[in-house]
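>
Number of protein chains: 2
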Amino acid sequence: MSSSAADPIYEDLKCQILSGKLTSGQRLRQDQIAKQFGVSKIPVREALNRLEVDNLVVLERNKGAAVRRYSETEILQLLDIRIALECHALELAIPNMIGSDFRDMRDLLDDYAKCSEISEWSSMNRRFHHMLCEPSGNAQIISMIDDLQAKLGQYLRVLLSQAVGLERPMREHGAILDACERGDSSVAVEALRNHIETTQKEVAAFLRRAE
Amino acid sequence: MSSSAADPIYEDLKCQILSGKLTSGQRLRQDQIAKQFGVSKIPVREALNRLEVDNLVVLERNKGAAVRRYSETEILQLLDIRIALECHALELAIPNMIGSDFRDMRDLLDDYAKCSEISEWSSMNRRFHHMLCEPSGNAQIISMIDDLQAKLGQYLRVLLSQAVGLERPMREHGAILDACERGDSSVAVEALRNHIETTQKEVAAFLRRAE
DNA sequence: ATTGACAATTTCGTATACGATTTGCAAGGA
DNA sequence: TCCTTGCAAATCGTATACGAAATTGTCAAT
C-alpha cells in the first residue's frame with residue numbers, strides 16, 4: 001500500500017500530536033525528524049503531507065510544518081459532523097441489522113459495563129458507535145466516521161476519565177440499541193443525536209473550564 | 212502552502228481523471244509523468260499521494276499508481292453522505308440566515324434561470340448548495356461538502372446535460388429557499404433531502420442505463 | 001504446445017547533493 | 001533606543017543517483 005519508510009513516521013507523529021506530546025504551533029523540522037528515525041527527508045515529507053491532509057499539521061512553503069491541533073470551535077464542529085454522519089448512517093443501517101448484530105452489540109455493552117479500565121472505555125465506545133453504523137453498508141461514510149472518532153479521541157478520552165463517568169453513556173447506548181432492535185428508526189436516530197449532542201455540551205463545558 | 216511543483220501536476224491529473232480522459236485501472240508511471248512535466252519524480256510522487264487521499268488513484272508498494280474512479284455503488288454512497296452533511300448543515304444554517312443571504316440566493320437562482328449555458332449549470336448548482344450551508348458557520352462541514360461536490364462533479368454534470376433538464380432542480384431549489392426564508396427548518400431540510408435523493412435515483416438510473 | 005525457471009529491463013523507493021528561500025543576528029544610521 | 005540593512009546559518013524543495021522489487025521476455029524441458 002503506502003511506502004513503508006513513511007508509515008511509522010506518520011503513525012508516530014500522529015500519535016504524538018493526538019496525545020498532546022507535541023504542543024500546538026510547535027515546528028517540525030524535516031532534517032531532525034529524519035535523523036531521529038534514521039531515514040532521509042523524503043519519507044518524512046511524505047508523512048508530513050499525510051498529516052496535513054488530516055489537518056494535524058500546517059505546511060507552509062519554505063517554512064516547514066507546524067503542529068495544528070484543533071481549536072475548541074473546531075472540536076465542536078467535528079462533533080456536529082459526527083451527528084450528521086452517524087445519524088444518517090444509523091438510519092441506513094437499521095433496516096439491515098440482523099440477529100447477530102444485536103447480539104454482538106449487547107455483548108460489547110456487557111463487556112463495557114464489566115470493564116473497570118478507564119483506558120478501555122474510549123476504544124469500546126468507538127467500537128459501539130462503529131457497530132451501529134456498520135450495517136449501513138456504506139464503507140465511505142463509515143471510514144469518515146472512524147476518522148472523526150480518531151481525531152476527537154484525545155479530547156473525548158480526557159473527558160470520559162475526568163468528568164463523565166460511565167452511567168449516562170451506558171444508559172443512552174442501551175436505549176439506542178433497544179430502539180434499533182425494535183426497528184424504530186426515528187427513536188433510535190433521535191436518541192443517538194441527543195447522545196452526541198450531550199457529549200458536545202460536555203466538551204464545551206470542559207473546554208470552557210480548562211481554558 | 213503546498214509545494215509549487217506538485218500543484219500543477221496534481222491539478223492536471225485530477226482533472227484528467229475526473230473528466231474521464233484517463234480510463235479506470237490505467238497505470239500512471241512516475242518517470243513518464245515527471246518527464247512530461249519537466250520535473251523529477253519527487254513532486255510527482257507528492258501529487259500521486261494527494262490523489263490517493265482523494266481516492267482517485269490506488270498506490271501499491273513497488274507497483275505504482277493506477278487510476279481508480281468511483282464505482283456506481285460508491286457514487287451513490289457519496290450522495291448519501293451529501294444528504295447527511297448538507298441536511299445537517301442546513302439545519303444549523305437556517306437560524307443564522309439574514310436578509311442578504313436570501314437576496315444573494317434569490318439572485319443566484321435568477322441568474323440560474325436566465326443562463327442557457329449548460330456548462331454553467333453545474334457550477335451554479337454547486338454555488339447554491341454551498342450558499343445554503345454557509346451560514347452554518349461550520350467551516351469543516353462546508354469544506355467536506357465542497358469536496359464531495361467536486362468528486363461528484365463529473366457524474367452530475369453529465370447527468371444534468373443529458374437527461375434532467377433545468378425545471379425540476381429549479382423548482383426544488385426555489386421551494387428550499389422559500390422554506391428557509393419562512394424559517395421553517397424541518398420543511399427546508401426535508402425538501403433538501405428529497406432533492407438530493409431524487410438526484411441519487413437519477414444517477415442510479417443513468418448508471419444502470421450507461422452500463 | 002505449455003509450463004517453469006532464469007535473466008534483462010523496467011519501475012519504484014529513498015539517500016545524497018545542491019540551489020533557493022527564509023530566519024536570526026549583528027552592525028550601522030535615525 | 002529603536003529601526004533598518006546586510007550577511008551567515010538554517011531549512012526547505014527538488015534534481016540526480018542508486019539499490020530493491022517487480023515485470024517482462026527468453027529459452028529449455030516436459
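Chains as they are written, first to last, in the working numbering: chain A, 1 to 211; chain B, 212 to 422.
We put the beta carbon where it would ideally sit given N, CA and C, even for glycine.
1) Span of the alpha helix (DSSP H) holding residue 5 (chain A)?
2) Look at the alpha carbon of residue 144 (chain A) and the alpha carbon of residue 271 (chain B), and state the distance between them as a whole number of angstroms.
3) To the nearest angstrom, how far is the alpha carbon of residue 347 (chain B) from that of residue 274 (chain B)?
4) List the residues of chain A whose Cβ lies closer than 8 Å to the Cβ of residue 295 (chain B), in chain order.
5) Looking at residue 53 (chain A): is its Cβ nearer than 9 Å to the Cβ of residue 25 (chain A)?
6) Using alpha carbons as the reference points, say which of A:126, A:48, A:119 and A:32 lies closest to residue 196 (chain A).
7) Spatial neighbours of residue 96 (chain A) within its chain, please: CB distance less than 6 Å, with the 5 preceding and 5 following residues excluded, ordered by chain position.
8) Judging by CA-CA distance, which residue of B:244, B:290 and B:386 is the nearest neighbour of residue 413 (chain B)?
9) Name, please, each residue of chain B whose Cβ falls closer than 8 Å to the Cβ of residue 77 (chain A).
10) Could you tell me which residues DSSP pairs with residue 271 (chain B) in its beta bridges?
11) Quick one, which of A:21, A:13, A:28 and A:175 has its alpha-carbon nearest residue 102 (chain A)'s?
12) Would you say residue 355 (chain B) faces chain A, with C-beta separation under 9 Å as the test?
13) So, does the stretch 42-52 of chain A touch the stretch 253-263 of chain B, judging by three or more C-beta pairs under 8 Å?
14) Of the choices B:216, B:276 and B:400, whose alpha-carbon is the least far from that of residue 249 (chain B)?
15) Using 9 Å as the threshold, is the C-beta distance between residue 298 (chain B) and residue 88 (chain A) below it?
16) Relative to the alpha-carbon of residue 109 (chain A), which residue among A:186, A:8 and A:171 has its alpha-carbon at the smallest distance?
17) Could you tell me the boundaries of the alpha helix (DSSP H) in which residue 395 (chain B) lies?
18) Against chain B, which members of the stretch 91-105 of chain A pass a CB distance test of less than 7 Å?
19) For residue 119 (chain A), count neighbouring C-beta atoms within 10 Å of its own C-beta (all shown protein chains included) and say buried if the count is 16 or more, exposed if not.
20) Only counting the same chain, and skipping five residues up and downstream in sequence, which positions put a Cβ closer than 8 Å to that of residue 342 (chain B)?
21) Could you name the residues of the same chain whose beta carbon sits closer than 6 Å to that of residue 157 (chain A), not counting the 5 residues immediately before and after it, in chain order?
Looking at the atomic coordinates:
1) Premise fails: residue 5 (chain A) is in no alpha helix (DSSP H) and is neither H nor E.
2) Taking the straight line joining both Cα atoms gives about 22 Å.
3) Pairing residue 347 (chain B) with residue 274 (chain B), the inter-Cα distance amounts to about 44 Å.
4) The answer, in chain order, is 84, 85, 87, 88, 89 and 141.
5) Cβ distance not < 9 Å, so residue 53 (chain A) and residue 25 (chain A) don't count as in contact.
6) Closest in alpha carbon position to residue 196 (chain A), among A:126, A:48, A:119 and A:32, is A:126.
7) Contacts found: 135.
8) Of the listed residues, the one whose Cα sits closest to residue 413 (chain B) is B:290.
9) Within chain B, the residues whose beta carbon sits less than 8 Å from that of residue 77 (chain A) are 349, 350, 351 and 352, listed in sequence order.
10) DSSP lists B:275 as partners of residue 271 (chain B).
11) For residue 102 (chain A), the nearest C-alpha among the options comes from A:175.
12) Yes, its Cβ sits closer than 9 Å to a Cβ of chain A.
13) Touching, per the Cβ criterion.
14) When only C-alpha atoms are compared, the closest one is B:216.
15) Result yes, Cβ atoms of residue 298 (chain B) and residue 88 (chain A) sit closer than 9 Å.
16) When only C-alpha atoms are compared, the closest one is A:171.
17) Unbroken run through residue 395 (chain B): none, as it is neither H nor E.
18) Legend: CB atoms of the stretch 91-105 of chain A lying less than 7 Å from CB atoms of chain B belong to residues 92.
19) Residue 119 (chain A) is exposed by the Cβ-count criterion.
20) So the qualifying residues of the chain are 312, 315, 316 and 319.
21) Taken in chain order, the residues that qualify are 122.
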